[in-house]
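Residue numbers (our numbering), protein chains in the order written: chain L, 70 to 154; chain F, 70 to 154.
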């Protein structure tokens with residue numbers, strides 16, 4: 070059993086209105102030292118595969134097909150062995 | 070200048086309908102080995118502070134006040150020195 074921790078972020082050249090909104094809200098709350106905010110998605114996915122390679126293949130495919138939009142987003146992930154029985 | 074990478078997740082006892090929806094969609098796409106999905110938020114925040122301690126204080130305060138809802142969510146973050154000039 071593996072736990073994939075997937076982060077999906079907008080590509081650097083893509084506008085991020087949600088991030089700008091959060092930036093404005095933080096400034097309004099008095100956080101003057103904030104320079105930039107980018108908002109993305111985070112997902113934790115439990116995968117019942119016996120090998121790391123199989124789990125990695127699954128996560129890559131999931132991220133490309135459903136979890137991210139490859140035109141405007143990119144993803145990174147870490148994979149942890151869960152040692153459950 | 071520091072870059073905070075903040076992950077906000079629902080507490081373990083809180084229902085995650087968005088995660089269930091993603092789980093269902095993945096199963097429908099043929100990913101039968103997926104057992105569980107939890108969806109959270111991910112933010113990258115640039116902070117113009119000279120010391121790590123000051124930046125950490127800012128991030129903790131931001132996360133508690135705006136970025137997360139402490140009743141149902143928890144947050145973790147990493148802080149990277151950006152070495153910009």
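Ideal Cβ positions, reconstructed from N, Cα and C, are used throughout, including at glycine.
Item                                                                                                                                                : Value
What are the boundary residues of the alpha helix (DSSP H) that residue 131/L is part of?                                                           : 121-131
Could you tell me whether any Cβ in chain F is nearer than 7 Å to the Cβ of residue 117/L?                                                          : yes
Would you call the CB atoms of residue 147/F and residue 96/F closer than 7 Å?                                                                      : no
Measuring only the C-alpha atoms, how far is residue 91/F from residue 106/F?                                                                       : 7 Å
Taking a contact to mean a Cβ-Cβ separation below 7 Å, would you say residue 99/F touches residue 77/F in this structure?                           : no
Can you say whether residue 81/F is buried or exposed, counting buried as having 16 or more other CB atoms within 10 angstroms of its CB?           : exposed
Among residues of its own chain, excluding the 5 on either side of residue 133/L, which ones have a beta-carbon nearer than 7 Å to its beta-carbon? : 139
Per DSSP, which residues does residue 142/F bridge with? Please list them.                                                                          : 79/F
With 7 Å set as the bound, which would you pick, yes or no: does the beta-carbon of residue 137/L sit closer than that to a beta-carbon of chain F? : no
Using a Cβ-Cβ cutoff of 7 Å, what residues of the segment 99-131 of chain F are near chain L? List them in chain order.                             : 100, 102, 103, 104, 105, 106, 107, 108, 109, 110, 111, 112, 113, 114, 115, 116, 117, 118, 127 and 131
Does DSSP classify residue 99/L as helix, strand or coil?                                                                                           : coil
Should residue 137/L go down as buried or exposed, given a rule of 16 or more other Cβ atoms within 10 Å for buried?                                : buried
Using a beta-carbon distance below 7 Å, is residue 148/L in contact with chain F?                                                                   : no
What residues of chain F sit near residue 78/L, judged by a beta carbon separation below 9 Å?                                                       : 111 and 113
Does the beta carbon of residue 95/F come closer than 7 Å to any beta carbon on chain L?                                                            : yes
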